[in-house]
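Student:
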Amino acid sequence: MKLLKFELLKLRKKSRGWLGPILVFVLIMTAFPLTVEMLNKDIDQSFLSVLWIATLLVMMLATEDIFLEDFNDGTLEQMAIKHNSLSGVITIKIFVYWLLIGLPISLLGALYGFGITSSADLAIQLIPILMITTYIFLNVFSFGNALSLTKGSILGILITMPLVLPLLVVLGKVVIAINLGMNFLGFLFLLLGILSIIILVLPIIISFVIKAHLE
Amino acid sequence: MKKILVAENLSYKINDTKLFQNLSFSLNEGAAIHILGSNGSGKTSLLKIISGLTKQTKGEIEKNYNKDICFIGHKNALKQYLTVEDNLSLLEIEAHGNLKSFLQLLGLDKLLDVMVANLSYGQQKKLALLRLFLNNSDLLVLDEPCVGLDKKSQDILCTFLSDELNAKKALIFSSHISLDISAEVLQLDKA
Numbered sequence: 031m032k033l034l035k036f037e038l039l040k041l042r043k044k045s046r047g048w049l050g051p052i053l054v055f056v057l058i059m060t061a062f063p064l065t066v067e068m069l070n071k072d073i074d075q076s077f078l079s080v081l082w083i084a085t086l087l088v089m090m091l092a093t094e095d096i097f098l099e100d101f102n103d104g105t106l107e108q109m110a111i112k113h114n115s116l117s118g119v120i121t122i123k124i125f126v127y128w129l130l131i132g133l134p135i136s137l138l139g140a141l142y143g144f145g146i147t148s149s150a151d152l153a154i155q156l157i158p159i160l161m162i163t164t165y166i167f168l169n170v171f172s173f174g175n176a177l178s179l180t181k182g183s184i185l186g187i188l189i190t191m192p193l194v195l196p197l198l199v200v201l202g203k204v205v206i207a208i209n210l211g212m213n214f215l216g217f218l219f220l221l222l223g224i225l226s227i228i229i230l231v232l233p234i235i236i237s238f239v240i241k242a243h244l245e
Numbered sequence: 016m017k018k019i020l021v022a023e024n025l026s027y028k029i030n031d032t033k034l035f036q037n038l039s040f041s042l043n044e045g046a047a048i049h050i051l052g053s054n055g056s057g058k059t060s061l062l063k064i065i066s067g068l069t070k071q072t073k074g075e076i077e078k079n080y081n082k083d084i085c086f087i088g089h090k091n092a093l094k095q096y097l098t099v100e101d102n103l104s105l106l107e108i109e110a111h112g113n114l115k116s117f118l119q120l121l122g123l124d125k126l127l128d129v130m131v132a133n134l135s136y137g138q139q140k141k142l143a144l145l146r147l148f149l150n151n152s153d154l155l156v157l158d159e160p161c162v163g164l165d166k167k168s169q170d171i172l173c174t175f176l177s178d179e180l181n182a183k184k185a186l187i188f189s190s191h192i193s194l195d196i197s198a199e200v201l202q203l204d205k206a
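Chain order of the listed sequences is E and A.
If you count by this note's numbering, then the first sequence holds residues 31 to 245, one letter each, in order.
If you count by this note's numbering, then the second sequence holds residues 16 to 206, one letter each, in order.
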């Protein structure tokens, strides 16, 4: 609980860390309907695609310095010495990022969904999908950033992109299911399954990667 | 006398550069080791091996202590965008009984609301050293603890470390500034 409190304090006080990505998301989602013909009936259909891509980009942006700052100032060194389970620390860190960035974006995404499509059902359906998707993206991009901790974020993005692409395919299927009025719960459970595996596995892998960097 | 640390034939190399080879030493409770050596001789690497951050290339190291290590490295582990008070809370020492007296001793008591970024390097170093002053560890591992400290703060540090040694704690440190502490010297030379 102490660690959760500390991580919350750190991210909350570093407003550019959480507010920046949220504002970028707001900018993209606000700019989208302004840049297309408002009478275009396809706007409802293309909205979801833009939403997934905006979420992907913003999560990538949000995790850019998730470990870098702690690595540079020696906090990670102290954590590795003090805490037997570095993976636990990483899990909490990613959870805090999700709480302050992923969750607001999920709610904002649903709000934009309602605003653009005028469909309350769609907005409600979007909330769980976005909550799970943002958490998956945060984990995957955190892994990428851990890999490229001292080598710049480009390498991390290149490495994690192949991991993210299958997820975008699933999200594409969700768009089709929603547009055709089909049951999309199967896809939701698939995302939940992916998230369960990622939550268990990635923090452990990230902890090994970070330990290697600390050496 | 309880042996806190026993190192046997420790060797370490980075890529093809051998830093030290077949290094053996032991550290008893209440004793100190001062690691000396030129730049790049492996002082920091040895301290990181002892702290468990790095693995030695060869050799064995036996650790025999109950609590966490107190490791103070080159990096201060302070958050520049937080106040001194917030950083104390991150260091988990905000509720320590002796915190107030150490803050006064180091001249940090009136700076609690100041952002760490606005402190001088020496003040930041003193803030980082509070983790050492309020530690609860059997083994103290310090990498150049005097860098950035004025004479008064260095004296405070020496007095504190002497008291810790009297309290049966073990100390291993590297420092280019001589400290007024009774310590065995461990000379590292490039292999």
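Quick reminder that beta carbons are idealized off the backbone N, C-alpha and C, glycines included.
Would you kindly check if the distance between the Cβ of leucine 180 of chain A and the Cβ of phenylalanine 40 of chain A is under 8 Å?
Tutor: No.
Student: Can you list, in chain order, the residues of the segment 103 to 127 of chain E whose Cβ is nearer than 8 Å to any Cβ on chain A?
Tutor: Hits within the stretch, in order: Asp103, Gly104, Thr105, Glu107, Gln108, Ala110, Ile111 and Lys112.
Student: If you draw a straight line from the C-alpha of valine 119 of chain E to the C-alpha of leucine 33 of chain E, how long is it?
Tutor: Computed Cα separation, rounded: 7 Å.
Student: Identify the continuous beta strand (DSSP E) that holds isoleucine 187 of chain A and give its terminal residues.
Tutor: Taken as a continuous stretch (DSSP letters only), the beta strand (DSSP E) holding isoleucine 187 of chain A covers 185 to 189.
Student: Based on the DSSP output, what are the partners of leucine 26 of chain A in its beta bridges?
Tutor: Position check: residue 26 of chain A holds serine in this sequence, whereas leucine was assumed. Its beta-bridge partners are A:Lys73.
Student: Please compile the residues from chain A whose C-beta is within a distance smaller than 8 Å of the C-beta of leucine 39 of chain E.
Tutor: Leu97, Asp101, Ser104 and Leu105, listed in chain order.
Student: Is phenylalanine 97 of chain E helix, strand or coil by DSSP?
Tutor: Looking at phenylalanine 97 of chain E - three-state DSSP - the assignment turns out to be coil, as it is neither helix nor strand.
Student: Under the assumption that leucine 142 of chain A contacts valine 131 of chain A (Cβ atoms under 8 Å), give the Cβ distance between them as a whole number of angstroms.
Tutor: Leucine 142 of chain A to valine 131 of chain A, Cβ: 7 Å. Contact.
Student: For a contact defined as C-beta to C-beta under 8 Å, what are the partners of phenylalanine 144 of chain E on chain A?
Tutor: Under the 8 Å cutoff, chain A gives no residues; its nearest Cβ is about 36 Å from phenylalanine 144 of chain E.
Student: Write down every uninterrupted run of the alpha helix (DSSP H) in the segment 46 to 119 of chain A whose length is 4 residues or greater and which is fully enclosed by it, in chain order.
Tutor: The qualifying runs are 58 to 66 and 99 to 105.
Student: Quick one: does phenylalanine 238 of chain E have its CB under 8 Å from some CB of chain A?
Tutor: So, not an interface residue.
Student: Kindly list the residues whose CB is nearer than 7 Å to the CB of valine 66 of chain E, restricted to its own chain and excluding five residues on each side of it in sequence; keep chain order.
Tutor: The residues are Ile73.
Student: What would DSSP say about phenylalanine 167 of chain E, mapped onto helix, strand or coil?
Tutor: It is helical.
Student: Between the segment 56 to 76 of chain A and chain E, which residues of the former have CB atoms less than 8 Å from a CB of the latter, in chain order?
Tutor: Residues passing the 8 Å Cβ filter: Lys63, Ser66, Gly67, Leu68, Thr69 and Lys70.
Student: Is phenylalanine 238 of chain E buried or exposed, if buried means 16 or more other CB atoms sit within 10 Å of its CB?
Tutor: Looking at its Cβ environment, which holds fewer than 16 other Cβ atoms inside 10 Å, phenylalanine 238 of chain E is exposed.
Student: Evaluate phenylalanine 35 of chain A with the Cβ neighbour count: other Cβ atoms within 10 Å of its Cβ, from every protein chain shown; 16 or more gives buried, anything less gives exposed.
Tutor: Classification for phenylalanine 35 of chain A: buried.
Student: Using the three-state DSSP reduction, which class does threonine 32 of chain A fall into: helix, strand or coil?
Tutor: Note: threonine 32 of chain A maps to strand in three-state DSSP.
Student: Is valine 200 of chain A helix, strand or coil when you go by DSSP?
Tutor: In this structure, valine 200 of chain A counts as strand in the three-state DSSP scheme.
Student: Going by DSSP, what residues sit across from lysine 18 of chain A in a beta bridge?
Tutor: For lysine 18 of chain A, which the question treats as bridged, DSSP gives the partners A:Asn43.
Student: From glutamate 44 of chain A to lysine 18 of chain A, what distance separates their C-alpha atoms?
Tutor: One C-alpha to the other measures close to 6 Å.
Student: Could you name the residues that DSSP lists as bridge partners for valine 119 of chain E?
Tutor: The partner list for valine 119 of chain E (beta bridge, DSSP) is empty, contrary to what the question assumes.
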